[in-house]
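Down below is the structure, laid out as structure tokens.
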Amino acid sequence: MNRGLILKFENLLQLRGACWQLRTLSYRKVSRAQWKPVQSSAHPVGSILLYPHFWQEDKSINIALSQRRHLATKEETKKKKKKVLLTKGEVEIRQKMTVEELARAMGKDVDHIYEALLYTDIDLDSLEPDSILYEDHIKLIVKKSGMKYKSAKLKEEKERENTDAVKRPPADPAVLTPRPPVVTILGHVDHGKTTLLDSLRKTQVAAMEAGGITQHIGAFLVHLPSGEKITFLDTPGHAAFSAMRARGTHVTDIVILVVAAEDGVMQQTIESIQHAKNAGVPLILAINKCDKPEADPEKVKKELLAYDVVCEEFGGDVQAVNISALKGENLMVLAEATVALAEMLELKADATGLVEGTVIESRKDKGKGPLTTAIIQRGTLRKGCVLVAGKTWAKVRFMFDENGKAVIAASPGIPVEIMGWKEVPSAGDEILEVESEQRAHEVVAWRTYVEQQEKLKKDVEVIEAKQKEHRMEYEKKHQQLAHLTWRQRKAVLYKANKHVMFLKPKEKTEMDKNVLSVIVKGDVDGSVEAVLNILDSYDADSECKLDIVHFGMGDISENDISLAEAFNGVIFGFSVKANESIKQLAAKKGIKIKLHNIIYKLVDDLKEELNSRLPPSVVENTIGEASVLNIFSVTVGKNKIPVAGCRVQKGLLDKKMKFKLIRNRDVIWKGSLSSLKHLKDDVQVIKAGMDCGLSLDKNTEFIIGDEIICYEEKEVPQTTSWDPGF
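If you want my numbering, it's the position in the sequence shown, counting the first as 1, plus 14.
Right under this line is the structure:
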């Protein structure tokens with residue numbers, strides 16, 4: 015009985031031992047760690063001796079695990095050796111590395127790099143962990159750290175093939191056909207340019223413009239009764255739109271200069287003449303508003319002589335036509351003069367092959383997406399054409415004329431609105447047709463690459479200029495310390511620069527309250543450009559910094575509200591809208607949205623916003639004046655207090671107000687009175703002509719002839735000194 019129990023117990027032990035060995039083997043396979051035999055009370059020596067075949071299995075497992083352990087150790091040793099090689103002897107460096115990259119390559123922290131640069135020409139104040147270091151400084155840091163450097167092998171970058179699209183060679187004269195002239199109407203603001211075009215087109219364009227002022231270029235095709243066609247560009251006359259006028263002259267054949275008969279030559283008139291001369295475009299003079307009693311056309315012609323605009327009656331080649339755009343007088347005479355000049359110029363173009371043109375204006379439409387107004391200069395544009403302009407491209411989906419009607423084709427000289435752009439191109443960009451969408455992608459990629467390279471080149475130039483400046487400062491400092499030994503020099507430099515170590519990394523400072531962050535949104539590219547040009551003229555950063563956070567086309571969006579909230583900014587919209595949900599969101603977040611349709615009103619609003627950011631100036635308002643006639647002192651406790659006997663000459667002295675003591679026109683003291691007495695009584699106010707005694711403090715002495723001024727301080731709102739010029 016006892017023997018049977020012993021056998022059962024031994025069998026249980028045997029089973030338990032086998033399970034334990036299998037589990038251990040499985041675990042070692044997974045973890046691949048070093049295997050060590052486990053001693054436990056569950057594995058009595060007796061069980062191993064009783065069952066030798068299990069001991070043999072256990073022995074074979076030991077041998078296998080021992081081999082595996084040996085191999086793993088070999089691989090680990092190799093890896094360790096490689097790591098030691100990187101950190102021990104040499105640091106692999108490149109021509110350009112950031113501070114952080116170099117620290118990582120050296121196995122050091124960023125502070126070590128700053129410390130190594132303490133005695134160099136690098137400006138540590140402007141150095142950040144992501145700042146770029148160049149090869150000479152990298153080598154210097156590695157040497158100072160007692161390490162060696164090895165240049166990393168760089169992959170030789172192949173020169174990128176130019177895949178840009180270019181204009182076709184000049185066409186064969188045999189294939190050229192007549193085209194409509196492109197005429198730009200230029201002149202001063204409110205001289206009647208849009209009214210003239212309105213009369214020619216028989217539409218009400220001027221009534222639609224905000225304040226009767228053209229806000230962006232309009233391109234229109236006018237059909238004359240004679241059957242002739244003329245493409246007109248109506249450009250803004252306002253001072254803010256100079257760039258748009260310049261752009262208009264570069265795609266035009268003839269310029270009609272509109273001058274009001276009663277105003278004569280004005281600022282934008284002179285500028286328009288200059289634009290026409292720069293573009294080498296002939297002029298026709300249209301003297302408008304001749305129906306007014308105060309009109310003087312002859313005076314206008316004489317004034318223009320000073321600017322090299324010589325009319326035919328004075329022996330020049332400029333045709334002059336007296337018109338009234340509002341009443342429609344002499345408009346056909348002006349049209350005939352334009353057609354006659356166009357015939358003399360023999361305007362022809364190639365209507366075959368790939369399309370070439372120019373973007374006159376671009377905008378974003380909610381339903382149609384990015385749109386451009388363009389003048390076709392070569393080829394015939396049709397639906398499905400693939401176009402490239404700037405760094406964007408389009409597959410033409412639809413084309414529209416100036417009245418919004420869909421057109422099938424647009425030949426040279428015809429203005430057309432194009433739909434199908436991926437992004438909004440910039441006004442003035444050259445339009446070129448390419449063979450396929452793949453080719454368009456290549457062109458855009460190349461142009462983006464070129465722009466990046468140019469930007470990189472400019473950045474390098476700026477960095478090099480800054481380094482040169484720091485090097486000169488460094489050399490200058492060392493010349494001043496040239497008489498010292500190297501130990502003394504090092505000690506002086508360390509004392510001067512040790513505070514820099516505690517400034518790294520720089521912490522972000524709170525946003526300056528004296529900053530106006532603006533977000534600009536416009537209906538078209540030219541409008542945004544005009545507003546940005548105005549903001550570029552801002553020159554009062556010392557008063558209030560103007561920061562343009564974002565600009566773009568289209569109505570005010572949630573993204574604009576988020577940006578304004580993040581930067582504590584104001585949104586300025588020009589000829590755009592903000593729907594009710596956007597207005598409510600802005601009101602909830604306390605964001606100002608300023609919407610305008612007239613450029614000078616937007617500028618006035620911007621100036622008001624700048625004024626609100628300026629701290630008020632403190633102005634002293636004099637209330638009374640008194641002169642010191644006698645001096646004596648009064649003992650208060652152990653102190654002698656100087657007292658002045660005064661007579662009030664002007665106004666009154668009020669003890670509650672502030673006082674100042676003036677001697678020989680210099681302010682000696684400012685503050686509040688200690689006491690004010692009339693005879694022996696304490697008083698609050700002394701009027702003109704009365705005598706009084708007053709004391710300031712125990713340390714301020716009086717001299718007969720001193721002046722006492724009583725004044726109050728008032729805060730007065732400041733106004734910005736910035737003047738945009740209109």
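Just so you know, even glycine gets a beta-carbon here, dropped at the ideal spot from N, CA and C. Here the structure is a predicted model, which means the values were calculated and not measured.
Counterpart residues of residue i in DSSP-defined beta bridges
{"i": "G768", "result": "The structure shown has nothing for residue 768, since the chain only spans 15 to 740."}
{"i": "I607", "result": "I585"}
{"i": "R677", "result": "D680"}
{"i": "D429", "result": "Checking the sequence shown, residue 429 turns out to be Pro, not Asp. I389, per the DSSP bridge assignment."}
{"i": "W435", "result": "A408"}
{"i": "M413", "result": "I432"}
{"i": "C304", "result": "C304 is not bridged to any residue."}
{"i": "C706", "result": "C660"}
{"i": "P384", "result": "K378"}
{"i": "Y725", "result": "T636 and K672"}
{"i": "Q333", "result": "I298"}
{"i": "D561", "result": "S531"}
{"i": "T4", "result": "Here the chain covers residues 15 to 740 and nothing more, so residue 4 does not appear."}
Contact belief for residue i with residue j at Cβ below 8 Å, rounded distance in angstroms
{"i": "T406", "j": "P439", "result": "5 Å"}
{"i": "D267", "j": "A356", "result": "7 Å"}
{"i": "K362", "j": "L190", "result": "4 Å"}
{"i": "V532", "j": "F586", "result": "6 Å"}
{"i": "V563", "j": "L577", "result": "6 Å"}
{"i": "C558", "j": "L628", "result": "6 Å"}
{"i": "G393", "j": "T366", "result": "7 Å"}
{"i": "A592", "j": "I612", "result": "Incorrect: roughly 17 Å between the Cβ atoms, too far for contact."}
{"i": "D364", "j": "S338", "result": "The pair is not a contact, with the Cβ atoms about 40 Å apart (cut-off 8 Å)."}
{"i": "D710", "j": "W683", "result": "The residue asked about is misnamed: residue 710 is Leu in this sequence, not Asp. At roughly 6 Å, the Cβ-Cβ gap stays under 8 Å, so L710 and W683 are in contact."}
{"i": "L299", "j": "L271", "result": "5 Å"}
{"i": "V617", "j": "I722", "result": "Going by Cβ atoms, the distance from V617 to I722 rounds to 47 Å, so no, they are not a contact pair."}
{"i": "L385", "j": "I432", "result": "7 Å"}
{"i": "N625", "j": "K728", "result": "Contact flag wrong, Cβ pair sits at about 17 Å."}
{"i": "E370", "j": "T387", "result": "Between T387 and E370 the Cβ distance is about 16 Å, and since that is not below 8 Å, they are no contact."}
{"i": "I389", "j": "V196", "result": "6 Å"}
Buried or exposed by the 16-neighbour rule on C-beta atoms within 10 Å, applied to residue i
{"i": "G381", "result": "exposed"}
{"i": "L359", "result": "exposed"}
{"i": "G241", "result": "exposed"}
{"i": "Q282", "result": "buried"}
{"i": "T209", "result": "buried"}
{"i": "G201", "result": "buried"}
{"i": "L675", "result": "buried"}
{"i": "E449", "result": "exposed"}
{"i": "P239", "result": "exposed"}
{"i": "R377", "result": "buried"}
{"i": "K181", "result": "exposed"}
{"i": "I136", "result": "buried"}
{"i": "H237", "result": "exposed"}
{"i": "I477", "result": "exposed"}
{"i": "G434", "result": "buried"}
{"i": "P66", "result": "Any answer about P66 is weak, because its pLDDT of 40 lies below 50 and its placement is not dependable; what the coordinates show is given next. P66 should be labelled exposed."}
{"i": "Q698", "result": "exposed"}
{"i": "A479", "result": "exposed"}
{"i": "E451", "result": "exposed"}
{"i": "I422", "result": "exposed"}
{"i": "V681", "result": "exposed"}
{"i": "Q467", "result": "exposed"}
{"i": "S286", "result": "buried"}
{"i": "G703", "result": "exposed"}
{"i": "G251", "result": "Low confidence applies to G251: its pLDDT is 40, below 50, so where it sits in the model is not reliable, and the reading given next is rough at best. Answer is buried; the Cβ neighbour count reaches 16."}
Neighbourhood of residue i by C-beta, 7 Å cutoff - its chain only, sequence neighbours within 5 removed
{"i": "I752", "result": "Residue coverage of the chain in this structure runs from 15 to 740, which leaves residue 752 outside it and unanswerable."}
{"i": "G536", "result": "V542, V545, M567, F588, S589 and V590"}
{"i": "N653", "result": "K712"}
{"i": "V324", "result": "G330 and V332"}
Own chain, CB closer than 8 Å to residue i, minus 5 neighbours either side, in chain order
{"i": "I107", "result": "L116, A119, E149, I152, K153, V156, Y163, K164, S165 and A166"}
{"i": "V730", "result": "P630, S631, V632 and V633"}
{"i": "K73", "result": "No answer about K73 holds up, because its pLDDT of 42 lies below 50 and its placement is not dependable."}
{"i": "S145", "result": "T112 and V113"}
{"i": "N644", "result": "A658, G659 and I718"}
{"i": "S328", "result": "Rather than Ser, the amino acid found at residue 328 in this sequence is Phe. Excluding sequence neighbours, F328 sits near K315 and L319."}
Close-in-space but distant-in-sequence residues of the same chain around residue i (CB under 6 Å, 5 per side omitted)
{"i": "L274", "result": "With the sequence shown as reference, residue 274 is identified as Ala, and Leu is not the correct amino acid for it. The answer, listed in chain order, is H205, N302 and K303."}
{"i": "K606", "result": "V584"}
Residue i: CB within 7 Å of a non-hydrogen atom of the ligand GDP
{"i": "H610", "result": "No copy of the ligand GDP appears in this structure; indeed no ligand is present at all."}
Length-filtered (4 minimum) alpha helix (DSSP H) runs lying within the stretch 102–152
113–120 and 124–130
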